[in-house]
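A.B. asks: The structure follows.
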Amino acid sequence: ADCGANGYVVLGRVPLKPLGITAATQKTHRLGASVTETAGRYSGEVTIDGRRIWSGRIDAKLISSINGPVGIRSDNGSFIFKLFVSDAGSSSK
176 ADCGANGYVV LGRVPLKPLG ITAATQKTHR LGASVTETAG RYSGEVTIDG
226 RRIWSGRIDA KLISSINGPV GIRSDNGSFI FKLFVSDAGS SSK
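Each residue of the sequence shown is one higher than the last, beginning at 176 in our numbering.
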């Protein structure tokens, strides 16, 4: 079922073609994402194959309203995922 794009906020845009990542190569890649909190300030980092492609500050208002499971939004593609999530009690959120 199509759930729409309600509730999503774009934190940054990264063009993947200059990284050599396209669907045409049909290669496996490792996507990583993390959010850390220090003294009430949040920052995020996204990596592909261990290479940081985005990092930046995240408004605390966006984080504080999150209440639900971690997941993957995947449109228009065929994917196999292995999802690893840190314990909610750890220092990473």
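Backbone N, C-alpha and C define an ideal beta-carbon position, used for all residues, glycine too.
Note down the Cα distance separating L306 from T211, rounded to an integer number of angstroms.
C.D. replies: Residue 306 lies beyond the residue range present for the chain, which begins at 176 and ends at 268; the question has no answer from this structure.
A.B. asks: Please name the residue in P190, F254, I233, S209 whose C-alpha comes closest to that of S261.
C.D. replies: The shortest C-alpha separation from S261 is found at S209.
A.B. asks: Based on the DSSP output, what are the partners of A208 in its beta bridges?
C.D. replies: Per DSSP, V221.
A.B. asks: Please return the same chain residues whose Cβ sits closer than 6 Å to the Cβ of G243, not counting the five positions on each side in sequence.
C.D. replies: For G243, where only same-chain residues beyond five positions count, there are no Cβ hits under 6 Å.
A.B. asks: Return the chain-ordered list of same chain residues with a C-beta closer than 6 Å to the C-beta of I228, the five sequence neighbours on each side being excluded.
C.D. replies: Once the five neighbours on either side are set aside, the close Cβ partners of I228 are V189, V221.
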